[in-house]
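Taking it in order: structure first as structure tokens, then the write-up.
2 protein chains.
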Amino acid sequence: MPQYEHVEKVRLLVVDDDPPIADLVATVARYEGWDAVTANSGEEALRQAAEFHPDIVVLDLMLPGLDGFGVLDRLRQSGTMVPVVFLTARDGVADRVAGLTRGGDDYLVKPFAVEELMARLRTVLRRSSGPGFQRSVLQVADLTMDEDTREVRRGEKLLTLTPTEYEVLRYLMRKSPTVLTKAQILDHVWEYGFGGRSNVVELVVSRLRRKLDDSGEPLIHTVRGFGYVLRQAAE
Amino acid sequence: MPQYEHVEKVRLLVVDDDPPIADLVATVARYEGWDAVTANSGEEALRQAAEFHPDIVVLDLMLPGLDGFGVLDRLRQSGTMVPVVFLTARDGVADRVAGLTRGGDDYLVKPFAVEELMARLRTVLRRSSGPGFQRSVLQVADLTMDEDTREVRRGEKLLTLTPTEYEVLRYLMRKSPTVLTKAQILDHVWEYGFGGRSNVVELVVSRLRRKLDDSGEPLIHTVRGFGYVLRQAAE
DNA sequence: AGTTGACCGACAGCAAAACGACAGCGCCGT
DNA sequence: ACGGCGCTGTCGTTTTGCTGTCGGTCAACT
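Chains A and B are the protein sequences, given in the same order. Counting from 1, one number per residue, gives the positions in the first sequence under the numbering used here. Counting from 1, one number per residue, gives the positions in the second sequence under the numbering used here.
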């Protein structure tokens with residue numbers, strides 16, 4: 001079931017001065033089976049990095065005192081090549097971030113969706129773990145999703161999905177054949193702090209169905225009173 | 001038989017300003033062999049959390065004084081990652097609930113059914129107790145129920161159950177081979193405060209029988225004048 | 001054979017889900 | 001800076017199918 005396999009648990013360090021955010025990320029990561037620790041300041045981050053030896057770091061750029069850039073410099077000075085995914089405010093330092101993402105690192109704008117962050121983390125890990133990294137292709141029945149090229153196919157047929165549709169489908173595919181509630185989908189795929197009603201989930205599912213269930217048997221099933229599943233219909 | 005196994009008893013803190021509700025939940029939990037304490041205000045909840053060190057918390061969001069969100073914040077600030085299942089009024093704070101299932105927590109709308117609550121608690125515990133959590137599959141004779149995929153099978157044959165049927169069957173399976181009275185089933189599977197003390201249970205059992213006893217020997221047996229059991233017929 | 005409890009078909013009310021239509025917004029190209 | 005287009009989410013309507021009530025029939029125990 002898991003797409004990315006480590007022999008050992010992935011070790012994640014989350015650095016954000018807003019404890020709820022740091023905990024949120026750490027919690028979600030632990031649910032994926034990772035080891036996660038948090039730091040709420042740049043200084044603490046350096047301490048944790050030295051002790052914990054993370055495989056990957058989520059680093060907020062906007063930190064009081066020693067900021068994200070500072071943390072990054074010090075990390076690199078100490079010789080560690082640990083990959084980093086940056087977090088930045090929307091209108092923050094977007095241009096300066098661009099230069100940071102060369103080494104296989106990545107960045108995300110706040111507020112983000114947790115599934116999006118986890119996907120980026122998995123991608124960065126995959127790319128940075130040795131040279132011969134392989135593609136990540138999700139598959140459920142005759143539906144495939146290539147996370148590198150963002151190509152989605154039902155059988156041979158190429159589907160054109162909007163960003164939201166893509167994210168919802170990825171979540172459904174990743175969790176398949178587990179049944180997900182609308183609240184779970186909403187909470188994982190939409191940005192934290194999104195106020196909208198779970199009605200949007202129905203809508204996106206409806207649009208997804210039109211695109212992918214058009215050709216062939218339905219793959220997205222409604223579990224009335226509970227939620228949705230993506231799976232091949234069992235007999 | 002139990003899906004989630006603690007070496008020690010599960011420690012549950014129930015927070016609700018309505019004492020009957022809090023006691024109801026605590027009582028059911030104790031009946032399952034858990035340790036349970038109650039708190040009727042946010043302040044008391046924090047005190048209890050500090051003293052009792054629960055493994056999981058049931059937290060009503062609508063509390064006088066320090067409300068559920070406040071309690072949650074304080075809990076998290078104090079560094080405890082204890083998982084929480086929230087209770088909310090139907091048209092109350094349903095919108096503000098967005099984001100709560102993201103960290104692995106869950107929520108339930110009042111009035112709820114006790115078995116539903118217990119099931120959610122077990123799920124959350126299972127998922128948050130370390131990595132590599134396994135599926136929860138109930139089995140009685142050749143009848144299986146996967147609580148993640150909600151797939152129910154009699155032998156190979158896949159059954160399609162409505163939500164109520166599913167809940168009644170889960171309760172029967174979980175308690176098998178104990179005989180349950182209709183009142184017990186009604187009290188556990190239907191929302192507390194459900195008015196119709198009619199023959200709904202008979203009806204649902206009847207519908208269940210048609211779906212699952214159709215193929216093979218009957219598994220649901222009537223104990224006339226008392227109730228129902230789910231078990232393989234004893235010769 | 002009578003009495004009581006259980007079973008279950010039929011129906012109606014209702015809640016959840018599907019979806020069409022529209023409006024706001026951001027993004028992009030010019 | 002402006003205009004256009006496509007994406008997203010809201011609203012409201014339609015559709016679906018679950019749920020519980022009623023009441024007649026059946027089975028079991030006395």
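All C-beta atoms in this analysis are idealised placements derived from N, C-alpha and C, irrespective of residue type, glycine included.
Closer than 9 Å at the beta carbon, the chain A residues around residue i
i: B/Pro-163; result: Val-223, Arg-224, Gly-225, Phe-226
i: B/Arg-127; result: Tyr-31
Reduced DSSP secondary structure (H/G/I, E/B, other) of residue i
i: A/Gln-139; result: strand
i: B/Trp-34; result: coil
i: A/Met-145; result: strand
i: B/Ala-22; result: helix
i: A/Met-1; result: With a pLDDT of only 44 at A/Met-1, under the threshold of 50, the placement of this residue in the model should not be trusted; the figure read from the coordinates follows. Three-state DSSP puts A/Met-1 in coil, outside helix and strand.
i: B/Lys-9; result: coil
i: B/Leu-211; result: Reading off the sequence, residue 211 of chain B comes out as Lys, not Leu. Helix, per DSSP.
i: A/Tyr-171; result: helix
i: B/Asp-106; result: strand
i: A/Gly-227; result: strand
i: A/His-188; result: helix
i: B/Asp-60; result: strand
i: B/Glu-217; result: coil
i: A/Val-85; result: strand
i: B/Ala-50; result: helix
i: A/Ala-113; result: coil
i: B/Val-152; result: strand
i: B/Leu-161; result: coil
i: A/Pro-178; result: Here the sequence assigns Thr to residue 178 of chain A, which means Pro is not the residue at that position. The answer is coil: DSSP assigns A/Thr-178 none of H, G, I, E or B.
i: A/Thr-80; result: coil
i: B/Asp-17; result: coil
i: A/Ala-39; result: strand
i: A/Thr-222; result: strand
i: B/Gly-70; result: helix
i: A/Arg-199; result: According to the sequence shown, residue 199 of chain A is Asn rather than Arg. Residue state, collapsed to three classes: helix.
i: A/Leu-121; result: helix
i: B/Leu-100; result: coil
i: A/Arg-126; result: helix
i: A/Ala-234; result: coil
Closer than 9 Å at the beta carbon, the chain B residues around residue i
i: A/Asp-187; result: Ala-98, Gly-99, Leu-100, Thr-101, Arg-102, Gly-103
i: A/Ala-89; result: In chain order: nothing, as chain B lies at least about 19 Å away.
i: A/Val-28; result: Arg-102, Gly-103, Gly-104
Minimum C-alpha distance to residue i - residue among the options
i: A/His-188; options: A/Leu-143, A/Ala-26, A/Leu-117; result: A/Leu-117
i: B/Leu-100; options: B/Thr-88, B/Asp-23, B/Lys-110; result: B/Thr-88
i: B/Tyr-166; options: B/Thr-144, B/Phe-69, B/Leu-63, B/Gly-68; result: B/Thr-144
i: B/Ile-280; options: B/Asp-214, B/Leu-75, B/Leu-230; result: The structure shown does not extend to residue 280 of chain B, since chain B spans only 1 to 235, so no value can be given for it.
i: A/Val-201; options: A/Val-168, A/Arg-154, A/Val-152; result: A/Val-168
i: B/Pro-177; options: B/Val-71, B/Leu-63, B/Tyr-228; result: B/Tyr-228
i: B/Arg-210; options: B/Thr-123, B/Arg-154, B/Arg-90, B/Val-109; result: B/Arg-154
i: B/Arg-150; options: A/Tyr-31, A/Pro-19, A/Leu-230; result: A/Leu-230
i: A/Leu-159; options: A/Ile-220, A/Phe-52, A/Leu-72, A/Ser-215; result: A/Ser-215
i: A/Leu-208; options: A/Arg-174, A/Ala-234, A/Val-152; result: A/Val-152
i: A/Arg-127; options: A/Val-140, A/Val-84, A/Val-109, A/Glu-156; result: A/Val-84
i: A/Phe-52; options: A/Val-15, A/Ala-141, A/Val-223; result: A/Val-15
i: A/Ala-50; options: A/Arg-30, A/Val-71, A/Pro-64, A/Gly-33; result: A/Val-71
i: A/Arg-224; options: B/Leu-172, B/Val-114, B/Gly-225, B/Thr-164; result: B/Thr-164
i: B/Gly-68; options: B/Glu-147, B/Ser-41, B/Gln-48; result: B/Ser-41
i: A/Val-179; options: A/Gly-103, A/Leu-212, A/Ile-220, A/Thr-38; result: A/Ile-220
i: B/Val-239; options: B/Tyr-31, B/Lys-157, B/Met-62, B/Val-204; result: In the structure as shown, chain B begins at 1 and stops at 235. Residue 239 of chain B is therefore absent and cannot be evaluated.
i: A/Gln-184; options: B/Gly-33, B/Thr-38, B/Ala-98; result: B/Ala-98
Beta-carbon separation (whole angstroms), residue i vs residue j, contact threshold 8 Å
i: B/Gly-193; j: B/Pro-111; result: 5 Å
i: B/Ala-26; j: B/Ala-36; result: 4 Å
i: A/Asp-60; j: A/Asp-17; result: 7 Å
i: A/Val-58; j: A/Leu-12; result: 7 Å
i: B/Gly-174; j: B/Leu-138; result: The sequence given here places Arg at residue 174 of chain B; Gly does not occur at that position. The Cβ separation is near 6 Å, so the contact holds.
i: A/Ala-119; j: A/Arg-170; result: 7 Å
i: A/Val-204; j: B/Arg-102; result: With a Cβ gap of about 17 Å, A/Val-204 and B/Arg-102 do not count as contacting.
Within chain B, the residues that residue i reaches when beta carbons sit closer than 7 Å
i: A/Phe-194; result: Ala-98
i: A/Gln-184; result: Thr-101
i: A/Val-114; result: Arg-102
i: A/Pro-20; result: Arg-76
Proximal residues of chain A, C-beta to C-beta of residue i below 8 Å
i: B/Thr-149; result: Pro-177, Thr-178, Val-179, Val-229, Arg-231
Contacts of residue i in chain B (Cβ-Cβ under 8 Å)
i: A/Asp-23; result: Arg-76, Met-81, Gly-103
i: A/Pro-218; result: Within chain B, no residue comes near A/Pro-218; the closest Cβ sits about 14 Å away, beyond 8 Å.
i: A/Ala-234; result: Glu-151, Leu-158
i: A/Val-205; result: Under the 8 Å cutoff, chain B gives no residues; its nearest Cβ is about 17 Å from A/Val-205.
i: A/Val-168; result: Result: empty, since nearest Cβ-Cβ is about 15 Å, beyond 8 Å.
i: A/Val-254; result: Nothing in the structure corresponds to residue 254 of chain A, since chain A is present only between 1 and 235.
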